[in-house]
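Take a look at the structure set out below.
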Amino acid sequence: MASLMTSTQPEAHTTEKPVTDLPKLPKKKKTRCTQCKISVGVIGFPCRCGGIFCSIHRYANEHSCSFNYKEHGAEEIRKNNPQVVGEKIQKI
């Protein structure tokens, strides 16, 4: 019966690490307007120049955007529209 009794003394040989030694997860970077630094949260507007902007600075002329929309549009038209060339020899 003595073998069935459990000891109330703590064991001296524990190999568990304390909870404070766990690796810390990196904090999520808060999304802020690139122009005015206001926190935009979920409703941030990404721009083609690479920044995230608030509702005031979301337009290209409001945040002095470096992306060239005119050149990008011309390139899209060049890619999507085939070149139309007339035949040099007339068929009879």
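In terms of our numbering, the sequence shown has 161 at position 71, counting the first letter as 1, and numbering is strictly consecutive. Heads up, the beta-carbon is just placed ideally off N, CA and C, and yes, glycines get one too. Here the structure is a predicted model, which means the values were calculated and not measured.
Compute the distance between the beta-carbons of residue i and residue j, then report whether it is under 7 angstroms.
| i | j | result |
| --- | --- | --- |
| T121 | V130 | yes |
Assign residue i to one of two classes, buried (16 or more other C-beta atoms within 10 Å of its C-beta) or exposed (fewer than that).
| i | result |
| --- | --- |
| H162 | exposed |
| G176 | exposed |
| R148 | buried |
| F157 | exposed |
Using only alpha-carbon positions, find the residue among the options that is nearest to residue i.
| i | options | result |
| --- | --- | --- |
| S145 | P172, I133 and K181 | I133 |
Considering residue i, what are the terminal residues of the alpha helix (DSSP H) in which it resides?
| i | result |
| --- | --- |
| Y149 | Counting along the chain, Y149 falls outside any alpha helix (DSSP H), and DSSP gives it neither H nor E. |
| N170 | Y159 to N170 |
Using a Cβ-Cβ cut-off of 7 angstroms (strictly less than) and excluding sequence neighbours within five positions of residue i, which residues of its own chain qualify?
| i | result |
| --- | --- |
| C155 | C137 and C139 |
Between which residues of its own chain and residue i is the CB-CB distance below 8 angstroms, once the five residues before and five after are set aside?
| i | result |
| --- | --- |
| R168 | none |
By Cβ distance, which residues of its chain are closer than 6 angstroms to residue i, with the 5 residues on each side in sequence left out?
| i | result |
| --- | --- |
| F135 | F143 and R148 |
For the ligand NAD, is there a heavy atom less than 6 angstroms away from the beta-carbon of residue i?
| i | result |
| --- | --- |
| P172 | With respect to the ligand NAD, the structure offers nothing, as it holds no ligand at all. |
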